[in-house]
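Residues 85 to 336 (this note's numbering) make up the sequence shown, in order.
The structure under discussion appears below in the form of structure tokens.
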Amino acid sequence: MNLCTNAAQAMHEKGGLLEVGVTDADLDSEAVARYPDLSPGPYVVLTVSDTGQGMDRSVMERIFDPFFSTKGPGEGTGLGLAVVHGIVKDYGGAIDVCSEPGKGTTFRVFLPRVDEVAMAEAEMSASIPTGCERILLIDDEKAVVEPAQCLLEHLGYEIVSKTSAVEALEMFRADPDRFDIVITDHTMPHMTGQDLAGEFLRMRPDIPIILCTGFAEPSISETAKASGIRELIAKPVAIHELAETIRNVLDG
Numbered sequence: 085m086n087l088c089t090n091a092a093q094a095m096h097e098k099g100g101l102l103e104v105g106v107t108d109a110d111l112d113s114e115a116v117a118r119y120p121d122l123s124p125g126p127y128v129v130l131t132v133s134d135t136g137q138g139m140d141r142s143v144m145e146r147i148f149d150p151f152f153s154t155k156g157p158g159e160g161t162g163l164g165l166a167v168v169h170g171i172v173k174d175y176g177g178a179i180d181v182c183s184e185p186g187k188g189t190t191f192r193v194f195l196p197r198v199d200e201v202a203m204a205e206a207e208m209s210a211s212i213p214t215g216c217e218r219i220l221l222i223d224d225e226k227a228v229v230e231p232a233q234c235l236l237e238h239l240g241y242e243i244v245s246k247t248s249a250v251e252a253l254e255m256f257r258a259d260p261d262r263f264d265i266v267i268t269d270h271t272m273p274h275m276t277g278q279d280l281a282g283e284f285l286r287m288r289p290d291i292p293i294i295l296c297t298g299f300a301e302p303s304i305s306e307t308a309k310a311s312g313i314r315e316l317i318a319k320p321v322a323i324h325e326l327a328e329t330i331r332n333v334l335d336g
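Listed below in structure tokens is the structure:
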């Protein structure tokens, strides 16, 4: 979704064509030589192409860096593609990009292909903890919050999600006892997740809060824990890690 959002934004001035495709590919040792994280074998290849403004090489070399963005102030955090890259890598895949200024951009995402039997067995063997509590989920990136909400609802939780820290604060202020736990991103426009958590804790000191951050910095961990935040999770977050952290915080 993030790749498609970026493609649409690249064409907002003049319009254009957005194409999404999925295909199977069996990569040999020669084919994976350009991707250090891949091993030879079967893959699913997701392609997202646009005919937008494109990028030069200097931009392409930095697009997966956290906080790098070509958007204007307030239009994004620069974490979207970094999160995409992290998620793909976490699942044993790789992502590459081809672009030409004025002509468009193509992203290719390689993910290991798993047959249905093996996938079912893996799902059965994975004991992901579930729950039924009500969670307030906050992240300014729709491409992050929507799949997270879907996965958590699948685990049995009732999710209320917000992409605005200000709106989340207003909702919590109206009924501080409505939620059992809060999960918030750290880097957001107008208010950081840590500042938002501080406001929540002032209204309800016992509310459990999990802070998600796209980068590791000891000072954030120290101040977050000292302020009353229960746990920190580094992005990208694997669903089993998030599920286990939620239960540890709620049951601990």
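Just so you know, even glycine gets a beta-carbon here, dropped at the ideal spot from N, CA and C.
Min CB distance residue i to chain C below 8 Å
i	result
Asn332	Included in the structure is just one protein chain, with no chain C present.
Residue i versus the options, residue with shortest Cα-Cα distance
i	options	result
Glu254	Thr190, Val228, Met275 and Val181	Met275
Asp108	Ser248, Leu195 and Ala115	Leu195
Val198	Glu325, Val128 and His324	Val128
Gly298	Arg141, Thr329 and Phe148	Phe148
Leu30	Val116, Ser123 and Leu87	Outside the shown range of the chain, which is 85 to 336, sits residue 30, and nothing can be said about it.
Arg262	Ala252, Pro124 and Thr271	Ala252
Tyr175	Val229, Ala258 and Ser123	Ser123
Cys296	Val168, Arg314, Thr190 and Ala318	Ala318
Val167	Asp140, Val229 and Ala258	Val229
Ser142	Gln233, Val181, Arg314 and Ser305	Val181
Glu328	Thr214, Glu237 and Ile313	Thr214
Gly105	Met139, Thr190, Asp140 and Leu165	Thr190
Cβ-Cβ separation, residue j to residue i (assumed contact under 8 Å), whole Å
i	j	result
Ile66	Ile219	Residue 66 is absent from the model: the chain starts at 85 and stops at 336.
Pro260	Arg288	4 Å
Gly188	Asp134	5 Å
Ile179	Arg192	7 Å
Cys216	Gly186	That pair is no contact at about 52 Å.
Pro273	Asp224	6 Å
Cβ-Cβ distance between residue i and residue j below 8 Å
i	j	result
Gln278	Thr307	yes
Ile265	Leu334	yes
Ala94	Gln137	yes
Ile291	Leu285	yes
Ala227	Thr89	yes
Ser311	Gly282	yes
Lys121	Lys173	The sequence given here has Asp at residue 121, not Lys. Yes. Within cutoff.
Leu235	Ile323	yes
Met144	Ser183	yes
Thr268	Leu280	yes
Boundaries of the alpha helix (DSSP H) in which residue i is found, first to last residue
i	result
Leu285	Gly277 to Met287
Pro231	Lys226 to His238
Ile330	Ile323 to Asp335
Val250	Ala249 to Ala258
Arg146	Per DSSP, Arg146 belongs to no alpha helix (DSSP H) and is neither H nor E.
Identity of the residues DSSP links to residue i by a beta bridge
i	result
Phe194	Val129 and Ala178
Val244	Leu220
Glu97	Glu97 pairs with nothing; no bridge assigned.
Ala109	Tyr127
Thr189	Asp134 and Ser183
Leu295	Thr268 and Leu316
Val104	Val132
Boundaries (first-last residue) of the beta strand (DSSP E) holding residue i
i	result
Thr122	In the sequence as displayed, the identity of residue 122 is Leu instead of Thr. Taken as a continuous stretch (DSSP letters only), Leu122 belongs to no beta strand (DSSP E), as it is neither H nor E.
Ala318	Glu315 to Ala318
Val266	Ile265 to Asp269
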